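Counting along the sequence shown from 1, when you hit position 24 you're at 136 in this note's numbering, and nothing is skipped either side. Ideal Cβ placement from N, Cα and C applies to all residues, glycine included. Note that the structure is a prediction, hence the values are computed from the model and not measured.
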Amino acid sequence: MLVFLTVVGLLPAFAVPQDSATPPQAPLTLYLDSDAYSIYAILLESQKQMFGPFFVIRSETESFPSATPRTIGIKGGRSFHKIWGAVLKDYAEQLHTPRLLTRSLPTVIPYELVPEQQIRASFLPRKRWDSFYERYPSSRGGFYWFSAVGFDSQRTHAIVEMNHVCGTACGGGYPQFFEKIGGKWREVSVNATTSGWAL
Numbered sequence: 113m114l115v116f117l118t119v120v121g122l123l124p125a126f127a128v129p130q131d132s133a134t135p136p137q138a139p140l141t142l143y144l145d146s147d148a149y150s151i152y153a154i155l156l157e158s159q160k161q162m163f164g165p166f167f168v169i170r171s172e173t174e175s176f177p178s179a180t181p182r183t184i185g186i187k188g189g190r191s192f193h194k195i196w197g198a199v200l201k202d203y204a205e206q207l208h209t210p211r212l213l214t215r216s217l218p219t220v221i222p223y224e225l226v227p228e229q230q231i232r233a234s235f236l237p238r239k240r241w242d243s244f245y246e247r248y249p250s251s252r253g254g255f256y257w258f259s260a261v262g263f264d265s266q267r268t269h270a271i272v273e274m275n276h277v278c279g280t281a282c283g284g285g286y287p288q289f290f291e292k293i294g295g296k297w298r299e300v301s302v303n304a305t306t307s308g309w310a311l
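Right under this line is the structure:
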């Protein structure tokens, strides 16, 4: 059973439209993991009915350079760590460095990969979300961003976070757990406590 603690108002700083320009960054490494893109596609499919039919996705993955298994908001007992401990460790390591997504999602859902700097530029002074939706009129769900995916060595268990923000009081994100069953990734519940954020 997954116990989800919602932390209201805890929104990553990059999700809040800023007026100041983001400093230039070194080129990012392309993220080329087919299992990760399969999981992203499943997560987007789960959003289609509420926020489809078109998605704006930030092209850079989530990153927390100082992330460790103890600081990423996932707490479980011995039975959880027996199965998920290696996944948790890899997930924390994956968060250290942002990567650049490619158009590799195995889905027919229309989407656009947009650099973070371009997303920020969509929020004009005073108009804010109105200007974003004028630029992306087919996006009912604002914009999304993903973490890289943590796996175990057998690549049968995975942890990922999908975030999205769609207005001043609309959005959220939290860790999600996947298991490969019969050769297909499926979201599963786990006996752990996770912390996320919501607006």
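Per the Cβ contact rule, the region 176 to 186 is in contact with the region 295 to 309 (3 or more Cβ pairs under 8 Å). Separation of VAL226 and THR268 (C-alpha to C-alpha, rounded to the nearest whole angstrom) is 30 Å. Beta-bridge pairing by DSSP links ILE293 to LYS296.
Residue pairing of GLU228 in beta bridges, as defined by DSSP: absent, with no partner found.
Comparing alpha carbon positions, the residue from SER175, GLY279 and HIS193 closest to LYS239 is GLY279.
Looking at the DSSP output, ILE271 shares a beta bridge with GLY262 and PHE289. Under the three-state reduction of DSSP output, ARG170 falls in the strand class. For ILE151, no beta strand (DSSP E) run applies; the uninterrupted alpha helix (DSSP H) run containing it begins and ends at 146 to 163, by DSSP.
When the Cα atoms are used, SER251 and ALA148 turn out to be separated by approximately 23 Å.
Secondary-structure assignment with DSSP links PHE255 through a beta bridge to VAL168 and VAL277. Counting other Cβ atoms within 10 Å of its Cβ, VAL300 stays below 16 and is therefore classed as exposed.
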